[in-house]
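Trainee:
Protein chains: 2
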Amino acid sequence: MAVYTEVADDQLDAFLAEYDIGEPQSCKGIAEGVENSNYMLATTRGTYFLTLYEKRVDPRDLPFFLGLMDHLAARGIPCPTPLHGRDGRALRTLADRPAAIITFLPGLWPRRILVDHCGPVGTALARLHLAASDFAQKRPNALSVAGWRPLMDASRERAHEVAPGLADELRTDLAALERDWPADLPAGVIHADLFQDNVLFLHDKLSGLIDFYFACNDLLAYDIAVCLNAWCFEPDRSFNVTKARALVGGYQQVRPLSAAERAALPLLARGAAMRFLLTRLYDWLHTPPGAMVKRKDPMECLAWLRFHRSIASADGYGL
Amino acid sequence: MAVYTEVADDQLDAFLAEYDIGEPQSCKGIAEGVENSNYMLATTRGTYFLTLYEKRVDPRDLPFFLGLMDHLAARGIPCPTPLHGRDGRALRTLADRPAAIITFLPGLWPRRILVDHCGPVGTALARLHLAASDFAQKRPNALSVAGWRPLMDASRERAHEVAPGLADELRTDLAALERDWPADLPAGVIHADLFQDNVLFLHDKLSGLIDFYFACNDLLAYDIAVCLNAWCFEPDRSFNVTKARALVGGYQQVRPLSAAERAALPLLARGAAMRFLLTRLYDWLHTPPGAMVKRKDPMECLAWLRFHRSIASADGYGL
């Protein structure tokens, strides 16, 4: 929720001169996207997204993200694609930040998740996994199991401010996740953050997958595990097995899970809950209340984590 | 800089059913506008602004604001206009807030003010004043001279946190403004907040005046005084008389100032500086650092105030 960087008129004009997209008609800062400054840019030719990458994004990762969007779009995945300037480059500099113009996708993200959303999300995720299978660049997942203990350490002393005994509770989960995390499941490029605000629907049909700035190489089934957390819990934090069936069913229509992947789902889902719990916990403890970045509640993830801890096999998800 | 209220899918659908503007294609929260939640709403018919009025706006004022936009647009002023639903109403309820859809104006507000911007701003302001002269509704200016002492009282004890001795310094100005404030100048509907982010330009031509949510009845020349502060100080807080001449000259092409208005300009400009100083000071002291509402620096207004205090007549502005 942010525009961190204002772009001066002459800076914008000089930037746009590198593209063949007409004259700017309006340029409005968008209150979405926690990490970057996003503008909706209307020109005489169409509507685009202008993104200035702020300090939480490592500029060295940008060729991976932009290249991945190009790669996926070329294979029919409905995702934004970076525009290439006259010099062929998609990534350049604006107001001293790395910046890119990407296509604007129509659609609205569902504020209220219905069962009918979950099947298409699963199917789109599987298509993304297949389409990315021959993407040449690699980006390790810094927020996978090896990254969780350092994150926990950064919040341990103040974790009790969020919930009494939280650090103690997570200690057991973290040890179990580190001990049992699978190493031999199918891996590839994953989205890694396919929450509801990153999936657009138009007339009840999935019209776009957006925000690839956490995409990385990791276990494919871990991406499903993220979605089980993101799409299948109700606002009261109960787990909806009908949504889980729709989601995983939609996925398997395109890419059936192996027995090992299926068996690993409870642990992967527990891990995904841990990952979002830890980053939200860190942000909660390090962001002042009411700050420009809207803080997300780590306790929501704790409810997810506790649920997955209680699940012995994929049967427990109704699968 | 804000979206305070999320609109659920079914709420949006029900709301749009009252209008004849097609199906929603996207709905993006806009990071502009401090007071309300603003969405850029693209439909199959065009692009619109959806505004949910939040608690800092008095709902009783909304018929004035929306009616004024209708009135001005009908008289050729390039301003947004509210869409009227099938029932004729422009104002209805969405997500428990008063809400309206208004037209979307193309253009970009100038991030760097040039002399060439100032003439058209003056001209547009004068046209607005004339066009509003037969607008029937009234709204007193709660942020005029009578409102400044209560505002000062609300910040007095902590004013020194912003600048040592600030309350003492302002005491003298406030007494002078209350004593000398003119009562017999031409009055009417004024914009009252025509800062650079409320004026759009397209291809170097003024294309829109926006954000009428401070509009009220007050002295017309006070609106020019606001603009002298908003448009004629350089980033280093020096006063640019060439810009002032362009601004007032542009205004007078449409509505010449009387000798009394001209003579009152230094006092009115000092008052306008006081008004923005006091609201910024209040917000500064009552908003946590880094909050969703970007705090504006009250010290900028103090520089304006000190400058106007030193001006004996309109000659001092190069007029």
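So the protein lines, in turn, are chains H and E.
Residue numbers for the first sequence follow full-length UniProt numbering, so the first one is 1 and each next one is one higher.
Residue numbers for the second sequence follow full-length UniProt numbering, so the first one is 1 and each next one is one higher.
Just so it is clear, CB atoms sit at the ideal spot from N, CA and C, and this is done for glycine as well.
Values in this document were obtained by computation on a predicted structure and should not be read as measured data.
If you drop the 5 nearest sequence neighbours on each side, which residues of the same chain put their C-beta closer than 7 Å to that of Leu52 of chain E?
Mentor: Excluding positions up to five away in sequence, the list reads Thr5, Asn36, Ser37, Leu94, Ala95, Arg97, Ala99.
Trainee: Between the stretch 299-306 of chain E and the stretch 274-284 of chain E, are three or more C-beta pairs nearer than 8 Å?
Mentor: Output reads yes: the stretch 274-284 of chain E touches the stretch 299-306 of chain E.
Trainee: Alpha carbon to alpha carbon, how far is Thr44 of chain H from Arg171 of chain E? Give it in angstroms, no decimals.
Mentor: Between Arg171 of chain E and Thr44 of chain H, the C-alpha separation is close to 52 Å.
Trainee: Taking only three categories from DSSP, how would you classify Asn217 of chain H?
Mentor: If DSSP states are grouped into helix, strand and coil, Asn217 of chain H belongs with the strands.
Trainee: With Tyr48 of chain H and Leu83 of chain H assumed to form a contact (beta carbons below 8 Å), what rounded beta-carbon distance in angstroms separates them?
Mentor: Rounded, the Cβ-Cβ distance is 7 Å, consistent with contact.
Trainee: Between the stretch 124-135 of chain H and the stretch 175-190 of chain H, are three or more C-beta pairs nearer than 8 Å?
Mentor: With a cut-off of 8 Å, the stretch 175-190 of chain H and the stretch 124-135 of chain H count as touching, because enough Cβ pairs lie within range.
Trainee: What residue range is occupied by the uninterrupted beta strand (DSSP E) comprising Tyr48 of chain E?
Mentor: That run of the beta strand (DSSP E) goes 47-52.
Trainee: Can you pull the DSSP bridge partners for Val199 of chain E?
Mentor: Answer is E:Leu209, bridged to Val199 of chain E.
Trainee: Using only the alpha-carbon positions, how far apart do Met1 of chain E and Gln196 of chain E sit?
Mentor: Because Met1 of chain E sits at a pLDDT of 38, beneath the cut-off of 50, its placement in the model cannot be relied upon, and the following sentence gives the value as read from the coordinates. Each residue's alpha carbon lies about 15 Å from the other.
Trainee: Under 8 Å: do the stretch 139-151 of chain H and the stretch 208-220 of chain H share three or more Cβ pairs, one atom per stretch?
Mentor: Yes, since at least three Cβ pairs between the stretch 139-151 of chain H and the stretch 208-220 of chain H fall closer than 8 Å, the two stretches touch.
Trainee: Checking contacts by CB at 9 Å: is His286 of chain E closer than that to chain H?
Mentor: Chain H, which has no Cβ nearer than 9 Å to the Cβ of His286 of chain E, makes this no.
Trainee: Sorted by chain position, which residues of the same chain lie with C-beta nearer than 7 Å to Glu23 of chain H's C-beta, five sequence neighbours on each side aside?
Mentor: So the list reads Thr43, Thr44, once near-sequence residues are dropped.
Trainee: How long is the line joining the alpha carbons of Gly46 of chain H and Val162 of chain H, rounded to whole angstroms?
Mentor: Spanning the two alpha carbons is a distance of roughly 45 Å.
Trainee: Show which residues of chain H have a CB atom less than 8 Å away from the CB atom of Asp9 of chain E.
Mentor: Ordered by position in chain H, the residues that pass the 8 Å Cβ test against Asp9 of chain E are Leu108, Pro110, Arg111, Arg112.
Trainee: Would you call Ser26 of chain E buried or exposed, if buried means 16 or more other Cβ atoms sit within 10 Å of its Cβ?
Mentor: Flag for Ser26 of chain E reads buried.
Trainee: Using three-state DSSP, classify Ile224 of chain E as helix, strand or coil.
Mentor: Helix at Ile224 of chain E.
Trainee: In chain order, what residues of the same chain lie with their CB nearer than 8 Å to the CB of Glu234 of chain H, ignoring the 5 residues before and after it?
Mentor: If we look at Glu234 of chain H and ignore the five residues flanking it on each side, its Cβ neighbours are Asn240.
Trainee: If you reduce the DSSP assignment to three classes, tell me which class Lys243 of chain E lands in.
Mentor: Reduced to three states, the DSSP call for Lys243 of chain E is helix.
Trainee: Roughly how many whole angstroms lie between the Cα atoms of Lys138 of chain H and Phe64 of chain H?
Mentor: Answer to the nearest angstrom: the Cα atoms are 7 Å apart.
Trainee: Figure out for me which residue from H:Asp236, H:Met152, H:Leu228, H:Leu91 has the closest Cα to the Cα of Thr242 of chain H.
Mentor: Ranking the options by Cα distance to Thr242 of chain H, first place goes to H:Leu228.
Trainee: Could you tell me which uninterrupted beta strand (DSSP E) segments, each at least 3 residues in length, are contained entirely in the stretch 155-205 of chain H, listed from first to last along the chain?
Mentor: Listed in chain order, the complete beta strand (DSSP E) runs (minimum 3 residues) inside the stretch 155-205 of chain H are 187-190, 199-202.
Trainee: With distances taken Cα to Cα, identify the nearest neighbour of Ala221 of chain H among H:Gly122, H:Asp297, H:Ile101.
Mentor: The residue with the shortest Cα to Cα distance from Ala221 of chain H is H:Gly122.
Trainee: Does residue 320 of chain H have its Cβ less than 9 Å from a Cβ in chain E?
Mentor: Because chain H in this structure spans residues 1 to 319, residue 320 of chain H falls outside the shown range and cannot be described.
Trainee: If distances are taken between C-alpha atoms only, which option among E:Met152, E:Asp218, E:Val199, E:Gln252 comes closest to Asp283 of chain E?
Mentor: Of the candidates E:Met152, E:Asp218, E:Val199, E:Gln252, the one whose C-alpha sits nearest the C-alpha of Asp283 of chain E is E:Met152.
Trainee: Which of helix, strand or coil does DSSP assign to Thr123 of chain E?
Mentor: Thr123 of chain E: helix per DSSP, three-state reduction.
Trainee: Verify whether the separation of the beta carbon atoms of Gly29 of chain E and Ala230 of chain H is less than 9 Å.
Mentor: No; because the gap between Cβ atoms is not below 9 Å, this pair is not in contact.
Trainee: For Glu6 of chain E and chain H, any beta-carbon pair shorter than 9 Å?
Mentor: With 9 Å as the cut-off, Glu6 of chain E counts as an interface residue toward chain H.
Trainee: For Ser207 of chain H, which option in H:Pro110, H:Trp148, H:Ser155 has the closest C-alpha, if you only look at C-alpha atoms?
Mentor: Per the Cα distances, H:Pro110.
Trainee: When you compare each of H:Ala263, H:Ile210, H:Gln252 to Leu194 of chain H by their alpha carbons, which one comes out closest?
Mentor: Among H:Ala263, H:Ile210, H:Gln252, the Cα nearest to that of Leu194 of chain H belongs to H:Ile210.
Trainee: Can you give me the C-alpha to C-alpha distance between Glu157 of chain H and Arg306 of chain H, rounded to a whole angstrom?
Mentor: Between Glu157 of chain H and Arg306 of chain H, the C-alpha separation is close to 21 Å.
Trainee: Of the choices H:Ala312, H:Leu72, H:Asp20, whose alpha-carbon is the least far from that of Arg262 of chain H?
Mentor: Measuring from the Cα of Arg262 of chain H, the nearest candidate turns out to be H:Ala312.
Trainee: Give the DSSP bridge partners of Arg97 of chain H, in chain order.
Mentor: In DSSP, Arg97 of chain H forms a bridge with H:Leu94.
Trainee: Would DSSP call Ala42 of chain E helix, strand or coil?
Mentor: Ala42 of chain E falls in the strand class under three-state DSSP.
Trainee: Identify the continuous alpha helix (DSSP H) that holds residue 325 of chain H and give its terminal residues.
Mentor: The structure shown has nothing for residue 325 of chain H, since chain H only spans 1 to 319.
Trainee: Can you pull the chain H neighbours of Cys118 of chain E, defined as C-beta to C-beta under 7 Å?
Mentor: Neighbours of Cys118 of chain E on chain H: none; closest Cβ ~15 Å, over 7 Å.
Trainee: Starting from the Cα of Leu105 of chain E, find the closest Cα among E:Ala17, E:Leu202, E:Arg127, E:Arg89 and give me that residue.
Mentor: Cα-wise, what sits closest to Leu105 of chain E is E:Leu202.
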